[in-house]
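Residue numbers (the numbering used here), protein chains in the order written: chain A, 149 to 352; chain B, 4 to 740.
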Amino acid sequence: MADEKRGAKLSRRSFLKGLSGGAIGTAVISTGLVKSDPAEAYFPETTGAARGKTPISLKVNGKTYRVQAEHRETLAEVLRDQLGLTGTKIGCDRGECGACTVIINGRNMYSCSQLAVWMGGKEILTIEGLAKGDKLDPVQEAFIEHDGPQCGFCTSGQIMSGKALLMKNSKPNEGQVRRALSGNLCRCGNYNREVAAVLAAAKR
Amino acid sequence: MAQAQKEFSIVGKRTPRIDGYERVTGQAHYTGDIQLPGMLYARVLRSTVPHAKIVGIDASKAEKLPGVKAVIHHGNAKVPWSSGGHTHQRFIFNNPVRFVGDAVAAVAATDRHIAEDALALIEVKYEKIPHVLDPNEALKPDAPKISTNGNLSVGKGNFSAPIEESWGDLEKGFKEADQIFEDTYVTKHTNNAQLERRVSIAKWDAGKLTVYASTQGVSNARTDIAKDFGLPLSKVRVVSKYMGGGFGNKNQAQDYDYMAAVLAKVTNQPVKLEFTREDDYIGMHGRWASEQHYKVGVKKDGTITAVQLDAVTNIGAYRKQSGNLSGTDFYNIPNFKKIIKPVHTNTVVGANYRAPAYPQSVFGFASFLDHIAYELGINPVDMFMRNRIQKYKAKLPFTSNYLEQCIIEGSKRIGWSEKWHKPGAMDGVKKHGIGMALGGYPFRPGLGAATIRMNPDGSAHLLVGVTDIGTGAKSTMAIIAAEALGISLNQIEVTNGDTDVTPYSVGESGSRTTSFTGHAVIAAAEDIRKQVFAVAAPQLKVKAEELDLRDGQVFVKAEPSQKIPLARAVARAGELIGRATTNPEFKDVEGKSFSAHFAEVEVDTLTGHVKITRYVAVHDSGIILNRMPAESQIMGGVVQGIGMAFTEELITDKLTATPINPNYRDAKVPTHLEAPNVEVIFVEHYDPYGPFGGKVVGEPPITAAVATIANAIFNATGKRIKELPITPDKILQARQV
Chain A
149 MADEKRGAKL SRRSFLKGLS GGAIGTAVIS TGLVKSDPAE AYFPETTGAA RGKTPISLKV
209 NGKTYRVQAE HRETLAEVLR DQLGLTGTKI GCDRGECGAC TVIINGRNMY SCSQLAVWMG
269 GKEILTIEGL AKGDKLDPVQ EAFIEHDGPQ CGFCTSGQIM SGKALLMKNS KPNEGQVRRA
329 LSGNLCRCGN YNREVAAVLA AAKR
Chain B
4 MAQAQKEFSI VGKRTPRIDG YERVTGQAHY TGDIQLPGML YARVLRSTVP HAKIVGIDAS
64 KAEKLPGVKA VIHHGNAKVP WSSGGHTHQR FIFNNPVRFV GDAVAAVAAT DRHIAEDALA
124 LIEVKYEKIP HVLDPNEALK PDAPKISTNG NLSVGKGNFS APIEESWGDL EKGFKEADQI
184 FEDTYVTKHT NNAQLERRVS IAKWDAGKLT VYASTQGVSN ARTDIAKDFG LPLSKVRVVS
244 KYMGGGFGNK NQAQDYDYMA AVLAKVTNQP VKLEFTREDD YIGMHGRWAS EQHYKVGVKK
304 DGTITAVQLD AVTNIGAYRK QSGNLSGTDF YNIPNFKKII KPVHTNTVVG ANYRAPAYPQ
364 SVFGFASFLD HIAYELGINP VDMFMRNRIQ KYKAKLPFTS NYLEQCIIEG SKRIGWSEKW
424 HKPGAMDGVK KHGIGMALGG YPFRPGLGAA TIRMNPDGSA HLLVGVTDIG TGAKSTMAII
484 AAEALGISLN QIEVTNGDTD VTPYSVGESG SRTTSFTGHA VIAAAEDIRK QVFAVAAPQL
544 KVKAEELDLR DGQVFVKAEP SQKIPLARAV ARAGELIGRA TTNPEFKDVE GKSFSAHFAE
604 VEVDTLTGHV KITRYVAVHD SGIILNRMPA ESQIMGGVVQ GIGMAFTEEL ITDKLTATPI
664 NPNYRDAKVP THLEAPNVEV IFVEHYDPYG PFGGKVVGEP PITAAVATIA NAIFNATGKR
724 IKELPITPDK ILQARQV
């Protein structure tokens with residue numbers, strides 16, 4: 149009665165898990181497509197609380213953290229749940245909305261689509277690491293002045309993508325800002341404000 | 004309750020949000036950011052079949068999975084969810100299940116991955132029942148019955164069916180017409196798709212339930228929960244400080260709040276229940292789809308003599324909201340009749356999404372009027388101007404109505420008279436088009452409450468029940484309080500969204516926060532001022548009535564140089580507490596905010612791609628209290644309208660009855676690349692019934708956007724697309740006909 153169960157489709161997380169498992173990955177995908185029980189087909193040995201955790205050294209906002217994470221835990225989850233850095237939001241958990249955007253080695257990336265165990269030796273910058281003491285980053289200041297946040301849930305991600313752009317291109321034009329932020333959805337539709345804020349920050 | 008206009012010192016200025024710092028530093032704590040000691044994580048299992056009786060649930064394998072603490076389903080957690088369905092009783096888990104996505108079970112475990120693993124181990128045996136997806140099919144006598152009452156959703160009051168409204172004499176109106184036009188317009192189910200997935204954290208302490216909810220209304224959520232759990236209101240606390248958007252689908256309390264509460268009860272641990280993005284698309288609701296048939300009688304000069312609207316709306320398996328269509332509201336219709344049939348189908352629920360009954364039928368009716376203008380050889384701007392509403396239901400005056408000025412200002416700004424051309428008349432592959440439509444939203448007064456505590460140093464705490472869902476309501480309330488008190492904005496600290504601490508608020512839905520709670524904040528400030536004047540009078544050696552307070556100074560009205568700082572006046576007064584509960588009413592007037600939107604587009608007739616090259620949104624929302632967020636909301640409403648016009652549709656596969664695109668990528672919400680620059684114009688006039696003259700802002704901007712774009716596409720191509728979304732293939736097909 150396979151169709152009566154939830155499975156029958158590959159979730160992004162299972163897919164990531166599959167890839168990280170090397171040779172198991174291909175088996176996962178093919179069994180997934182023939183609609184077997186996903187819980188058994190994907191990771192028969194790793195479901196439940198008995199799974200092992202891997203120690204990871206995470207460098208976030210200039211500080212080094214030692215954490216333990218399962219292979220299937222994303223960077224976004226570890227930042228939020230273990231390090232308490234909840235400024236990074238999770239909107240879709242499937243690499244579509246950009247609320248979880250952080251800067252990894254100078255590039256803006258979706259932290260929901262990066263496994264924590266891949267992060268060893270990488271420099272991670274989150275929204276909490278932007279301000280220098282009491283001094284806000286110019287992008288943050290401009291977001292306040294230009295009413296960048298409506299509900300504010302996408303705001304951290306928008307700011308991090310804006311920051312990543314300005315790190316590479318200190319004088320972008322409007323089209324470049326729109327393209328750079330186009331992976332960050334804002335359902336409040338506040339796109340004009342966010343673009344205006346990044347352009348204003350570039351002028352500071 | 005009508006009031007005269009005042010001079011303002013803070014209202015209407017370009018003031019940044021008071022919580023901007025928290026929002027740009029990651030320090031604004033949303034519900035999902037909260038972690039409690041010993042907290043479990045929960046996930047929901049959903050039906051994979053559209054209509055079936057559950058004949059067995061075997062959760063034993065899931066329960067044996069290490070880390071799993073509880074599995075609940077209809078067999079062991081039969082909790083009613085009153086606001087989830089108004090015409091047949093709905094529970095948090097239902098048997099039979101009535102759509103693909105109906106909740107079947109929920110699991111609490113020590114982490115979210117284990118909870119997810121456990122879902123796949125729950126075995127559900129379904130006994131399938133015939134299903135129906137199309138609302139017209141559902142109305143046929145032999146259709147499978149989704150509700151025991153039948154598929155026409157008959158309930159009481161606001162939930163009656165069919166929804167009927169009429170005035171004047173329809174037959175006479177059609178007789179007076181020179182020409183009668185009939186046509187049908189279709190809109191699809193679109194999702195609110197707010198960025199914050201649903202999340203709820205519940206915990207019990209000695210019989211008291213606390214729910215950290217992601218809700219648009221903490222008071223309403225508390226009322227719902229208390230009712231369905233049989234608890235006194237005092238034993239339920241609902242907290243929501245920051246909210247990541249909802250646009251109408253996080254009103255009140257929802258089934259996930261209840262599931263978290265039940266799981267917390269049975270495990271005796273706090274539980275955080277999180278939706279996935281797919282859960283959010285199919286498990287809650289989106290905007291109801293509609294099929295609208297219009298019959299419109301007009302004079303040769305375009306004057307409407309009669310309108311008849313017959314429509315079906317698809318509200319899915321449960322009736323959460325009205326299913327009404329109100330797009331005809333902005334026109335002067337002397338003879339009118341509408342019959343709307345909200346219909347149950349085995350699909351995802353159709354309910355509130357920003358201006359719930361409007362964009363669908365503004366698209367239908369404003370498109371049709373635009374088309375009738377074309378048939379009659381009339382310029383659309385003249386058609387809309389001639390037929391704009393002046394009296395409510397052809398009878399009552401409005402508290403204020405500057406729709407005429409919206410049309411004049413907007414057409415001037417976009418250059419209508421120079422740019423408008425006959426539809427489809429331009430040469431070349433890329434064709435220019437220009438279009439317009441009218442919109443707005445009701446403005447009503449209602450119950451509000453506020454408390455202000457003034458400290459001995461003159462600073463004040465404003466306590467309001469509002470949750471700030473993105474509208475800037477928290478800032479607006481602070482601005483109103485500062486203005487009404489006569490102190491500066493930075494002297495006010497707002498505490499919001501906690502039913503144990505803050506007084507009642509209507510909930511941020513229906514554009515009611517400013518108009519309901521705003522009056523209460525003003526009244527609470529007046530209460531405090533009286534107390535301030537009472538303690539200051541002996542110090543200034545005058546009577547209390549002779550005093551005023553402005554810019555933090557208490558002074559004698561007749562002799563302003565005789566003054567003392569507020570901080571000195573109240574230094575020995577202990578804590579002053581001002582409070583108010585207000586419930587103003589309209590008498591023989593009706594309220595509405597109005598808008599006229601204008602767009603220019605460029606349609607690529609080879610690819611069917613449409614680019615919006617200019618957008619002008621003109622709004623009559625009375626006095627604008629909090630300018631920057633008000634402008635932002637107008638821009639954002641337009642962007643949501645663009646999504647509805649061009650791309651968004653939750654598609655249900657006919658064969659499997661399964662929604663096949665329940666995510667951002669495939670349901671295609673607009674990105675930075677699709678958002679045009681929206682020029683916002685407020686036609687500002689004091690409304691004598693609004694707090695400080697303001698009407699409503701949040702809902703109106705989406706109402707006219709879809710029709711405005713559709714009319715601009717018609718002007719470019721000369722082809723009318725009558726079904727949303729207006730995708731490139733539809734434009735290409737229409738061009739080939």
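Built from N, CA and C at the ideal position, the CB exists for glycine as well.
Open item on the list: Please identify the residue among B/K398, B/P362, B/A360 and B/V239 whose C-alpha is closest to the C-alpha of B/V592.
Closed with: B/K398
Open item on the list: If contact is defined by three or more beta carbon pairs under 8 angstroms, each pair taking one atom from either stretch, is the stretch 236-245 of chain A in contact with the stretch 273-290 of chain B?
Closed with: yes
- [ ] Answer yes or no: does any C-beta atom of chain E fall closer than 7 angstroms to that of B/R723?
- [x] Among the chains of the structure shown, chain E does not appear; the protein chains present are A and B.
- [ ] Determine, using beta carbons only, whether B/E199 comes closer than 7 angstroms to chain A.
- [x] Closer than 7 angstroms: yes.
- [ ] Name the two residues that bound the continuous alpha helix (DSSP H) containing B/N390.
- [x] P383 to N390
- [ ] Would you mind stating whether B/A572 and B/V557 have Cβ atoms separated by less than 7 angstroms?
- [x] yes
TODO: Check whether the Cβ atoms of B/T331 and B/F368 sit closer than 7 angstroms, and answer yes or no.
DONE: Yes; because the gap between Cβ atoms is below 7 angstroms, this pair is in contact.
TODO: Check whether the Cβ atoms of B/R240 and B/D503 lie closer than 7 angstroms to each other.
DONE: yes
TODO: Mind listing the chain A neighbours of B/A196? Cutoff is C-beta to C-beta under 9 angstroms, in chain order.
DONE: L333 and R335
Open item on the list: Give me the chain B residues within the contact set of A/Y258, using Cβ-Cβ distance strictly less than 9 angstroms, ordered along the chain.
Closed with: Within 9 angstroms Cβ-Cβ: nothing; A/Y258 doesn't reach chain B, min ~12 angstroms.
TODO: Inspect the beta-carbon positions of B/A112 and B/G436 and report whether they are closer than 7 angstroms.
DONE: no
Task: Within 7 angstroms, strictly: CB atoms of B/K244 and B/G475 - done: No, the pair does not count as a contact, with Cβ atoms beyond the cut-off.
Open item on the list: In whole angstroms, give me the CA-to-CA distance for B/D732 and B/A678.
Closed with: Rounded to whole angstroms, B/D732 to B/A678 spans 21 angstroms at the Cα level.
Task: Beta carbon proximity, A/G235 to chain B, threshold 7 angstroms - done: yes
Task: Members of the stretch 233-256 of chain B that neighbour chain A once the beta carbon cut-off is set at 9 angstroms - done: From the stretch 233-256 of chain B, only Y245, M246, G247, G248, G249 and F250 have a Cβ closer than 9 angstroms to chain A.
- [ ] Tell me, please, which residues DSSP counts as bridged to B/M457.
- [x] When beta bridges are read from the DSSP output, B/M457 appears opposite B/A463 and B/L579.
- [ ] Report the option in B/T730, B/P662, B/A487 and B/R668 whose CA atom is closest to the CA atom of B/T608.
- [x] B/T730
TODO: Could you tell me which of A/G296, A/G277 and A/N253 sits nearest to A/K316, measuring between CA atoms?
DONE: A/N253
TODO: Mind listing the chain A neighbours of B/R280? Cutoff is C-beta to C-beta under 9 angstroms, in chain order.
DONE: G239, C240, D241, R242, E244 and C245
TODO: Whole angstroms is fine: what's the gap from B/G431's alpha carbon to B/S329's?
DONE: 38 angstroms
- [ ] Could you name the residues of the same chain whose beta carbon sits closer than 8 angstroms to that of A/P297, not counting the 5 residues immediately before and after it, in chain order?
- [x] Result list for A/P297: F291, T303 and N338, in chain order.
Open item on the list: Rounding to the nearest angstrom, what Cα-Cα distance links B/L136 and B/I318 in this structure?
Closed with: Rounded to the nearest angstrom, the gap between the Cα atoms of B/L136 and B/I318 is 11 angstroms.
Task: Residues of its chain near B/D227, where Cβ-Cβ distance is below 7 angstroms and the 5 sequence neighbours each way are ignored - done: S85, S86, Q255 and A256
Open item on the list: Counting only beta-carbon separations shorter than 7 angstroms, does B/D313 have a partner in chain A?
Closed with: The beta carbon of B/D313 sits no closer than 7 angstroms to any beta carbon of chain A.
TODO: Determine the burial state of A/K201: buried for a count of at least 16 other Cβ atoms within 10 Å of its Cβ, exposed for fewer.
DONE: exposed
Task: Contact check, A/I307 vs A/V287, beta carbons under 7 angstroms - done: yes
Task: Close Cβ partners of B/V724 (< 8 angstroms) along its chain, the five nearest in sequence each way excluded - done: It is worth fixing the name first, because residue 724 of chain B is Ile in this sequence and not Val. Cβ neighbours of B/I724 beyond the five flanking positions: A713, I716, F717, K733, I734 and A737.
Task: Through-space distance from B/S203 to B/G639, alpha-carbon basis - done: 26 angstroms
Open item on the list: Whole angstroms are fine: how far does the CA of A/R228 sit from the CA of B/A576?
Closed with: 45 angstroms
TODO: Just confirm the distance between the C-beta atoms of B/V301 and B/I411, as a whole number of angstroms; I'd bet it's less than 8 angstroms.
DONE: Contact between B/V301 and B/I411 does not hold, since their C-beta atoms are separated by about 23 angstroms, which reaches or exceeds 8 angstroms.
Task: Cross-chain neighbours of A/Y103 in chain B, by beta carbon under 7 angstroms - done: Any property of residue 103 of chain A remains undetermined from this structure, which presents chain A solely from 149 to 352.
Open item on the list: If the cut-off is 7 angstroms on Cβ atoms, which residues from the stretch 462-492 of chain B count as contacting chain A, listed in chain order?
Closed with: I472 and G473
Open item on the list: So A/R352 contacts chain B; which residues on that side make the cut at Cβ distance below 9 angstroms?
Closed with: Within 9 angstroms Cβ-Cβ: nothing; A/R352 doesn't reach chain B, min ~15 angstroms.
- [ ] In angstroms with no decimal places, state the Cα-to-Cα distance between B/F695 and B/N458.
- [x] Taking the CA atoms as reference points, B/F695 sits about 25 angstroms from B/N458.
TODO: Provide the residue span of the beta strand (DSSP E) that contains B/I734, from first to last.
DONE: B/I734 -> not in any beta strand (DSSP E); alpha helix (DSSP H) instead, spanning P731 to Q739.
Open item on the list: Going by DSSP in three states, B/H522 sits in which element: helix, strand or coil?
Closed with: helix
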